[in-house]
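Asker: First, the structure itself, so that you have it in front of you.
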């Protein structure tokens with residue numbers, strides 16, 4: 406029987422496993438998209454979801470609880486300042502695991518764990534960057550698709 410057996414061992418001792426999960430959780434929060442193996446992605450998902458749930462409260466106690474898990478103060482700041490407000494109305498399901506191809510070296514099945522909505526943030530940043538480039542090109546007198554030598558750029 407499997408009574409009281411829960412969680413993922415990941416073929417590591419307890420301290421190494423905890424360190425791995427804390428580092429992965431910090432990376433997911435800072436970068437919003439991490440490629441790792443499927444078991445590691447499944448193991449870190451509850452930890453990331455718990456951190457985002459803490460960030461929705463934004464109390465001193467919840468900040469200290471998140472700081473116990475996350476490695477960098479920048480990750481804690483981003484968690485409470487941007488992610489807590491972004492997922493404020495959402496009641497769970499903050500992460501998405503997408504399976505990728507097998508790794509070339511050892512054939513391990515890879516997965517990408519990302520925060521839901523991060524692709525929208527990334528698209529908005531790219532859109533703003535393109536709009537800024539077009540504005541600069543207009544101010545300098547060039548057409549939006551031209552390079553510095555006056556020839557059309559191919560995409």
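Numbering (the numbering used here), first residue to last: 406 to 560.
Note that CB positions come from ideal geometry on N, CA and C, so glycine has one too.
As the structure is a computational prediction, the values presented were derived from the model and not from experiment.
Can you round the beta-carbon distance between residue 504 and residue 521 to whole angstroms, since I take them to be within the 8 Å contact cut?
Answerer: Not confirmed; about 16 Å, so no contact.
Asker: State the DSSP-derived secondary structure class of residue 443, mapped to helix, strand or coil.
Answerer: helix
Asker: Starting from the Cα of residue 415, find the closest Cα among 509, 539 and 449 and give me that residue.
Answerer: 449
Asker: Measure from the alpha carbon of residue 441 to the alpha carbon of each residue in 519, 539 and 534, then state which is nearest.
Answerer: 519
Asker: When the Cα atoms are used, what is the spatial distance from residue 407 to residue 435?
Answerer: 36 Å
Asker: Write down every uninterrupted run of the beta strand (DSSP E) in the stretch 476-517 whose length is 3 residues or greater and which is fully enclosed by it, in chain order.
Answerer: You should have 500-507.
Asker: Determine whether the beta carbon atoms of residue 413 and residue 447 lie at a separation below 8 Å.
Answerer: yes
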